[in-house]
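S.K.:
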Amino acid sequence: MSTKATCACGAGKKVDPKTCSVSQVRKCHGDVEKHPCGTKAQTPAKNEWTTHPAKYEALLKRMASVAKKNGYVLNPDKARVEKVLGLMAENLVETGKPYCPCKQSEPIDLKKDVRCPCPTWKQEIAKDGHCFCRLFYRVRAAGKAGRSGARKG
Ligand code: SF4
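Position 111 of the sequence shown, counted from 1, bears residue number 933 in my numbering, the numbering being contiguous throughout.
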């Protein structure tokens with residue numbers, strides 16, 4: 823008898839890992855409409871900016887770790903983080919790399935556009951308290967951002 827586990831695709835369904843492995847989830851990039859285990863999109867995507875919730879979650883963990891290692895924090899405005907990393911997740915699926923959604927060309931220029939964290943992020947944080955996208959913050963600036971509420975855009 824196999825143990826059921828919650829599928830990492832974001833649909834929140836308990837599945838048999840034998841028929842719905844993480845590798846299968848990777849193949850469908852978390853897109854539950856195409857999920858091989860037969861899971862239908864029963865719950866809305868966690869993030870309205872991406873159809874790849876598993877990629878978004880992975881980016882969120884990765885960027886939180888990047889922030890911590892460098893003495894920064896992610897923007898306390900959750901909606902802003904969801905937008906930046908949700909769009910970055912789309913770029914990641916499209917190109918295999920986390921291209922910055924705020925600085926990218928349309929369509930993405932694989933040679934000229936920058937990947938996150940970009941070469942100028944530290945200068946931007948030193949000057950403004952946050953990077954251009956407002957994803958990474960200096961700790962004190964993040965406190966202010968949290969108190970003054972979300973800036974959209
Ligand atoms: S501006 Fe911020 S989110 Fe965009 S690539 Fe640079 S560090 Fe990453």
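A virtual CB, placed ideally from N, CA and C, is assigned to each residue, including glycine.
Can you say whether residue 849 is buried or exposed, counting buried as having 16 or more other CB atoms within 10 angstroms of its CB?
M.R.: What you label residue 849 is simply residue 27 of the sequence shown in a count that begins at 1. Unreliable positioning characterises residue 849 in this predicted model, as indicated by a pLDDT of 39, which lies under 50. The coordinate reading is nonetheless provided below. Counting the other Cβ atoms within 10 Å of the Cβ of residue 849 gives fewer than 16, which makes it exposed.
S.K.: Under 7 Å Cβ to Cβ from residue 889, same chain only, skipping five residues before and after it: list those, please.
M.R.: For the purposes of this step, residue 889 is identified with residue 67 of the sequence shown, where counting begins at 1. Cβ within range, chain order: 895, 896 and 958.
S.K.: Assign residue 937 to one of three DSSP states: helix, strand, or coil.
M.R.: In the sequence shown, residue 937 corresponds to position 115, counting from 1. Residue state, collapsed to three classes: strand.
S.K.: I'd like to check one pair, residue 872 with residue 908: are the Cβ atoms closer than 7 Å?
M.R.: Translated into positions along the sequence shown, residue 908 becomes position 86. Translated into positions along the sequence shown, residue 872 becomes position 50. Using a Cβ distance threshold of 7 Å, residue 908 and residue 872 count as a contacting pair.
S.K.: I need the straight-line Cα distance from residue 949 to residue 924, nearest angstrom please.
M.R.: Stepping through the sequence shown from its first residue, residue 949 is reached at position 127. Stepping through the sequence shown from its first residue, residue 924 is reached at position 102. So the alpha carbons of these two residues sit roughly 18 Å apart.
S.K.: Residue 937 and residue 921 look like a contact to me (Cβ under 8 Å); what is the Cβ gap, rounded to whole Å?
M.R.: Position 115 of the sequence shown, counting from 1, holds the residue named residue 937. Position 99 of the sequence shown, counting from 1, holds the residue named residue 921. At roughly 6 Å, the Cβ-Cβ gap stays under 8 Å, so residue 937 and residue 921 are in contact.
S.K.: Does DSSP classify residue 882 as helix, strand or coil?
M.R.: Against the sequence shown, residue 882 aligns to sequence position 60. Helix.
S.K.: Starting from the Cα of residue 899, find the closest Cα among 960, 956 and 962 and give me that residue.
M.R.: Working through the sequence shown from its first residue, we reach residue 899 at position 77. Restricting attention to 960, 956 and 962, the CA atom closest to the CA of residue 899 is found in 956.
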